[in-house]
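What follows is a single structure, written as structure tokens, with notes after it.
Number of protein chains: 2
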Amino acid sequence: MPNIPIVETILNVNDQLAEQNRRIFDQAGVLALNVMASPGGGKTSTIGRIIDALRDEARIGVMDGDIVAIDLEGFAAQGIPVSLINTGGNCHLDANMVHSALPSMDLSALDLLIIENVGNLICPAAFKLGSHINVVIASVPEGADKPYKYPAMFRGADVLLLNKMDLAEYMEFDVAYFRHGVEVLNPGLTFFPISCRTGEGLGDLAAWLRLRLAEKAQARG
Amino acid sequence: MPNIPIVETILNVNDQLAEQNRRIFDQAGVLALNVMASPGGGKTSTIGRIIDALRDEARIGVMDGDIVAIDLEGFAAQGIPVSLINTGGNCHLDANMVHSALPSMDLSALDLLIIENVGNLICPAAFKLGSHINVVIASVPEGADKPYKYPAMFRGADVLLLNKMDLAEYMEFDVAYFRHGVEVLNPGLTFFPISCRTGEGLGDLAAWLRLRLAEKAQARG
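Protein sequence lines, in the order shown, are assigned to chains R and D. For what it's worth, my numbering labels the leading residue of the first sequence as 237, then goes sequentially. For what it's worth, my numbering labels the leading residue of the second sequence as 237, then goes sequentially.
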């Protein structure tokens, strides 16, 4: 048999860059979130609510992979450090885009970096960024079948938010069917039903993130 | 100056295949729709409503780019010819995928072929399929800023549906802002506000499609 090199364990370029980003975040003691959702699923609203809940206890920055800065203007106006990642109209962020945006952020002045990915339930799932927590936001009007149709996204989540719960009373949304689909893909996944409009569930989400921030602070000693 | 060949007008491979698909549709006298939307925007529901409205006057088939067949089972149960396009988890349909699925459909037995694209507001915009009409479905809960954030999708639309109008009373949706964003990208675009739940606007959409089918029938003489 010829001497065939084993390449399986060699990480692809994106994964290598993601690991590099992770080391940079860890050295700076920053907890990094990768927030993913469909277009209009509520990424920006949720990030706004997290900022409202945690800004007095954590220094928060936001990177945004949207092609326009309209979402960031609101955060910047609140004094939150923001950075627009130039995706060139791409359908996802990748580790290199995040890496390129890092110099625009003073990580030493942050505890929490929230990276808002491009609105897409497919492509972002395939590209690690180096973040610590993949936050996937589904929303009630999208329907309960989404885990079955976009399995990679739900499989890769570290925490799942189901947003727009305030609309659940106006439509059929089979929570059991939704949760079953998630459970098959990602058993035991942390799950928060929320409404950015009414505030439902956001206290629980903030408490969970507070614990993650405390763990991060403990890790950096 | 050296003799540099002009390659600008040479279509890329996808466009060439799309033209080929178009010729096949035209030869069969079939009107082909490419239905695009966010995950959960209402592609399947809208297709179902179009079938309900037109099935007595047109022979309709459905091709679906989802990775699971759950949407197609309902149509098949109604006697609609269906074909699941294997996207291999890809984030969009392309002309080759549609081309490969054509042998599974008897086009000579159809007047209208509805191709349901993958749920994604970005990638499908870049790949022509050979369809005659690009149907883009936005939905109220996604928010009125979508044309500003996903310009290619709205620019490439031949008809725009704004679905889930029944939810407009429960949330702020600035229709003027939405329509302004669309008008800048795609002046004069045909627009139908609809609700697959209440039936609002679906009669107008069906009437519009009926005209397109009549044009197609006239063209084949």
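For every residue, glycine included, the Cβ atom is placed at its ideal position computed from N, Cα and C. Predicted, not measured: the structure shown is a model, and the values here were computed from it.
Query raised in the report: Is the CB of D/I350 under 7 Å away from at least one CB in chain R?
Result: no
Query raised in the report: When the Cα atoms are used, what is the spatial distance from R/A361 to R/H335?
Result: 18 Å
Query raised in the report: In whole angstroms, what is the alpha-carbon distance linking D/A268 and D/S319?
Result: 14 Å
**Report entry** R/V249, DSSP secondary structure in three states
**Finding:** helix
Query raised in the report: Taking the C-alpha atoms as reference points, what is the distance between R/C432 and D/P429?
Result: 25 Å
Report task. Output the distance between the C-alpha atoms of D/G278 and R/L445, rounded to the nearest integer angstrom. Result -> 33 Å
Report task. For the region 383-407 of chain D, list the alpha helix (DSSP H) runs that are entirely contained and at least 4 residues long, ordered along the chain. Result -> 387-391
Query raised in the report: For the candidate residues R/G435, R/N248, R/K385 and R/G325, whose alpha-carbon lies nearest to that of R/I358?
Result: R/K385
Query raised in the report: Nearest-angstrom Cα distance between D/Q256 and D/G366?
Result: 7 Å
Report task. Compute the distance between the beta-carbons of D/I287 and D/I296, then report whether it is under 7 Å. Result -> yes
Query - Interface flag, D/E255 vs chain R, CB-CB below 7 Å - result: no
Query raised in the report: Taking Cβ positions only, does D/S340 come closer than 7 Å to chain R?
Result: no
Report task. Using the DSSP secondary-structure output, state which residues sit across from D/F428 in a beta bridge. Result -> D/L397
Report task. Using a Cβ cut-off of 7 Å, pull out every chain R residue sitting near D/E378, in sequence order please. Result -> P275 and G276
Query raised in the report: Where does R/D292 land, buried or exposed, given buried means 16+ other C-beta within 10 angstroms?
Result: exposed
Requested in this report: Check each residue of the region 295-317 of chain R: if its Cβ is closer than 8 Å to any Cβ of chain D, include it; give the result in chain order.
Outcome: D302, I303, V304 and I306
Requested in this report: Determine the DSSP secondary structure at R/E436, reduced to helix, strand or coil.
Outcome: coil
Requested in this report: Check each candidate in R/A450, R/L397, R/A455 and R/G439 and name the one with the smallest Cα separation from R/M272.
Outcome: R/L397
Requested in this report: Please classify D/G379: is it buried, with 16 or more other beta-carbons within 10 angstroms of its beta-carbon, or exposed?
Outcome: buried
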